[in-house]
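Trainee: Protein sequence lines correspond, in order, to chains A and B.
If you use the working numbering, the first sequence corresponds to residues 2 to 111, in order.
If you use the working numbering, the second sequence corresponds to residues 14 to 465, in order.
We put the CB at the ideal spot given by N, CA and C, even for glycine.
A single structure is presented below for examination.
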Amino acid sequence: MKTIRLFDIAHGRSGDKGDTSNIGIIARKPEFYPILVETLTPETVKSWFGPICKGKVERFELPNIQALNFLLHEALGGGGTVTLKLDAQGKTMAAALLKMEIQVPDELEV
Amino acid sequence: MKTSIRIAAGQGFWGDLQRAPVDQVTHGQIDYLVMDYLAEVTMSIMQKQKQKDPALGYARDFVSVIEKILPDLMSKNIKVIANAGGVNPFACRDAVLEVAKKLGITGLKIGVVHGDDILKRLPEFLETGIELENMDTGESIWKVQHRLLSANVYFGAFPIVEALDQGAQIVITGRCTDTGLTLAPMIHEFGWKNDDWDLLAAGTVAGHILECGAQASGGNFLGDWKSVPDFANIGFPIAEAHPDGTFIITKHESLGGLVNTMTVKEQLLYEIGDPTQYIGPDVVADFTSIQVEDAGENRVKVFGIKGRPNTPFYKVSASYEDGYFSSSTLVYSWPDAAEKAKAAGEILKKRLDLLGFQFDEYNAEYIGMNSCHGHLADKVEDYPEVMLRVSVRGSDKKSMTGFGMEIAPLILTGPPAVTGFAGGRPKPSDIVAYWPALIPKTVISPKVEVTG
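What follows is the structure in structure tokens.
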């Protein structure tokens, strides 16, 4: 097995709806999608963000575009115009998730 | 019936590139230019402007854009749809007519969609038991009734279609869904019915891709931003729509930017919830049915989209005053940049406490260290420099003003090698909070007026 970053096999975009951070993660190749489904469960994502996400994490699957959509509740310091966070709309949250290191088979070409 | 129409995005928000709509009408053929001006709390800003001057309360940028492109619109028969009307769509229309007069252009037909502004109708709703419960908290709008700044219903595509059917060349709306701006010309040109759910869903998805402007054509592209050609002249996206609901996302060849399956997929996922039910006023679209396919250089085919019947509700976007916000920054250089920034944040907090100031929240962040990613940011042994950003929120004006007077003194009374205090004492600004709710469609009627 070898260690890679999620960013090597996926990309994404993030934004906000109130105090909920929305993170879309997309496989760079269709064959990477099963790895995302297996690795990025609501539990692993909740645990990765730790104190940043105070509420629950919901995951939705979009196999048609090889993507996952996450909703991180209570993750934006109150959200919208109320939050004091510099990243008020969670625009950098997708990048934060893509930093995650994962184990993949040595033969996987990324 | 036309076999295809080209709908071009011109603005992704109020304050987007002013050049973009001009490029869209001059760098190639398009049939429609659609421009989104309204973010969640934009209406509150416009209400405040209208309170000060009854002739204001709309996106004035739109009028200056029209001034630049109106001759092209007329000669090329391009139609414009924009939710630039804000809380004063008739004033916006009059300003556009004024521009036309100045340019010597006659016979311009302008449609106005209104009836979305329900601020004055709230007492009537409350009396009849419509409490506009907050979709996040479930609380009745009674709670913030006296602090409300704006309340608007999101209309969909059909009122715009009515204006187009009556021959309007420019359609100005108040609050209307971003996606409705793009869906409307498809309904108008292709004769789609109000229960053609799959087709309405397809037009809605096209609208979702266009609604944030260049975010679908290379802007904010996390996949591979270095592969995006000529950011300086970035082209905004164009949807080439067909009567069967399939469409191609593309851009003008002579402009910069990038359209491929990756850029389109990123925008598809932007700010959505449950992808199986993307709820709008006209239809519920299923994003898990969307197929995306490479169709040549800077061309992506989108097809296969399914939709379901719409709901009996309109979404309401209300905003209310919720105290004050203030923020300021200082930059600490090597040595001990991180430690000094943290110490300064703590010293400031202690001074504010000693002065007896009251805040609902105090937040110190360290830009350059971890302000974006918190504990997920990599640790660095010795930072060359760190920017301290301190922010407060509260309802006590004296404390909020007092906060602003405590920043600059840190330079001479705190840790050394500090700079970057610019712009004078920060002044508290009003916080406008957002109140999302639903309202039965039965009590609301969109109104359309076409003149000229």
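Any heavy atom of the ligand GDP within a distance shorter than 7 Å of the CB on B/MET382?
Mentor: For the structure depicted, the ligand GDP is absent and the ligand set is empty, with no information on it obtainable.
Trainee: Please list the residues of the segment 275-286 of chain B that have a C-beta atom closer than 8 Å to any C-beta atom in chain A, keeping them in chain order.
Mentor: Listed by position along the chain: MET275, LYS278, GLU279, GLN280, LEU281, LEU282, TYR283, GLU284, ILE285 and GLY286.
Trainee: Spell out whether any CB of chain A is found under 8 Å from the CB atom of B/PRO288.
Mentor: B/PRO288 counts as touching chain A.
Trainee: When you compare each of B/GLN371, B/LEU343 and B/ASP391 to B/ALA435 by their alpha carbons, which one comes out closest?
Mentor: Considering only alpha carbons, the answer is B/LEU343.
Trainee: B/ASN376 CB to nearest chain A CB: under 8 Å?
Mentor: Output row for B/ASN376: interface = yes.
Trainee: Taking Cβ to Cβ, would you say A/LEU85 is nearer than 8 Å to B/ARG406?
Mentor: In this structure, B/ARG406 lies closer than 8 Å to A/LEU85 by Cβ.
Trainee: Taking Cβ-Cβ distances shorter than 9 Å, what residues in chain B pair up with A/PRO52?
Mentor: The answer, in chain order, is GLY387 and HIS388.
Trainee: Check each residue of the segment 131-147 of chain B: if its Cβ is closer than 8 Å to any Cβ of chain A, include it; give the result in chain order.
Mentor: Listed by position along the chain: nothing, the set is empty.
Trainee: With 16 as the cutoff for other CB atoms within 10 Å, does B/VAL393 come out buried or exposed?
Mentor: So B/VAL393 counts as exposed.
Trainee: Would you mind telling me which residues of chain B sit closer than 8 Å to A/LEU87, beta carbon to beta carbon, in chain order?
Mentor: Residues of chain B passing the Cβ test: GLU378, ILE380, SER384, CYS385 and ARG402.
Trainee: Per DSSP, which residues does A/HIS74 bridge with? Please list them.
Mentor: Paired residue(s): none; A/HIS74 is not in a bridge.
Trainee: Whole angstroms are fine: how far does the CA of B/GLY269 sit from the CA of B/ASN246?
Mentor: Looking at the two C-alpha atoms, the distance is approximately 5 Å.
Trainee: On the criterion of 16 or more Cβ atoms from any shown chain inside 10 Å, does B/ASP49 qualify as buried, or is it exposed?
Mentor: Label assigned to B/ASP49: buried.
Trainee: Which word fits B/TRP205, buried or exposed, when buried means at least 16 other C-beta atoms lie within 10 angstroms of its C-beta?
Mentor: Classification for B/TRP205: buried.
Trainee: Along chain B, in chain order, which residues have C-beta atoms closer than 7 Å to that of A/PHE61?
Mentor: Within 7 Å Cβ-Cβ: ASP287 and PRO288.
Trainee: Any idea which residues DSSP pairs B/ASN273 with across the strands?
Mentor: The partner list for B/ASN273 (beta bridge, DSSP) is empty, contrary to what the question assumes.
Trainee: Identify the continuous alpha helix (DSSP H) that holds B/LEU139 and give its terminal residues.
Mentor: Start and end: 135-140.
Trainee: According to DSSP, is A/ALA89 helix, strand or coil?
Mentor: A/ALA89 falls in the coil class under three-state DSSP.
Trainee: Residues of the segment 68-80 of chain A with a CB closer than 7 Å to any CB of chain B: list them in chain order, please.
Mentor: Those residues of the segment 68-80 of chain A that come within reach of chain B (Cβ to Cβ, closer than 7 Å) are ALA68, ASN70 and LEU72.
Trainee: Jot down the residue ranges of each uninterrupted beta strand (DSSP E) in the segment 92-170 of chain B, minimum 3 residues, whole runs only, in chain order.
Mentor: For the segment 92-170 of chain B, whole beta strand (DSSP E) runs of length 3 or above, ordered along the chain, are 92-95, 123-127 and 161-166.
Trainee: At a CB distance below 7 Å, what residues from the segment 293-324 of chain B approach chain A? Give them in sequence order.
Mentor: The residues in question are PHE300, THR301, SER302, ILE303, GLN304 and VAL305.
Trainee: Does B/ASN273 get closer than 8 Å to chain A when you measure Cβ to Cβ?
Mentor: So, not an interface residue.
Trainee: Starting from the C-beta of B/VAL174, find all residues in its chain whose C-beta is less than 8 Å away, skip the five residues before and the five after it, and write them out in chain order.
Mentor: Closer than 8 Å at the Cβ level, and outside the excluded window around B/VAL174, lie ALA197, ILE200 and HIS201.
Trainee: Look at the Cβ atom of B/THR464, then the Cβ atom of B/ILE123, and state whether they are nearer than 8 Å.
Mentor: Cβ distance < 8 Å, so B/THR464 and B/ILE123 count as in contact.
Trainee: Closer than 8 Å, CB to CB, is A/ARG14 near chain B or not?
Mentor: Yes, A/ARG14 counts as interfacial toward chain B.
Trainee: Between B/HIS388 and B/GLN60, what straight-line distance do the alpha-carbon atoms span, to the nearest angstrom?
Mentor: Computed Cα separation, rounded: 40 Å.
Trainee: Whose C-alpha, out of B/VAL109, B/THR39 and B/THR16, is nearest the C-alpha of B/ARG73?
Mentor: Selected option, being the one with the closest Cα: B/VAL109.
Trainee: Any idea what DSSP makes of A/GLY79, helix, strand or coil?
Mentor: In the structure shown, A/GLY79 sits in coil (DSSP, three-state: anything other than H, G, I, E or B).
Trainee: Using a C-beta cutoff of 8 Å, does A/GLY56 count as contacting chain B?
Mentor: Chain B, which has no Cβ nearer than 8 Å to the Cβ of A/GLY56, makes this no.
Trainee: Cα separation between B/ASN383 and B/ILE79?
Mentor: Taking the straight line from one Cα to the other gives about 43 Å.
Trainee: Establish whether the CB of B/ARG188 and some CB of chain A are separated by less than 8 Å.
Mentor: Output row for B/ARG188: interface = no.
Trainee: Would B/GLN5 and B/LYS81 be called neighbours here (beta carbons separated by less than 8 Å)?
Mentor: Past the boundaries of the shown model lies residue 5 of chain B; chain B is included only from 14 to 465, so the question cannot be answered.
Trainee: Name the residue from B/LEU361, B/SER458, B/ALA229 and B/TYR379 whose alpha carbon lies nearest to the alpha carbon of B/GLU419.
Mentor: Ranking the options by Cα distance to B/GLU419, first place goes to B/LEU361.
Trainee: Looking at the unbroken alpha helix (DSSP H) that takes in B/HIS255, where does it start and where does it end?
Mentor: Where B/HIS255 is concerned, there is no enclosing alpha helix (DSSP H), given that its DSSP letter is neither H nor E.
Trainee: Got a sec: is the Cβ-Cβ distance from A/GLY45 to anything in chain B below 8 Å?
Mentor: Looking at the sequence itself, residue 45 of chain A is Thr, so the reference to Gly does not match. It does not; no Cβ of chain B falls within 8 Å.
Trainee: Quick one: does B/LEU235 have its CB under 8 Å from some CB of chain A?
Mentor: Chain A, which has a Cβ nearer than 8 Å to the Cβ of B/LEU235, makes this yes.
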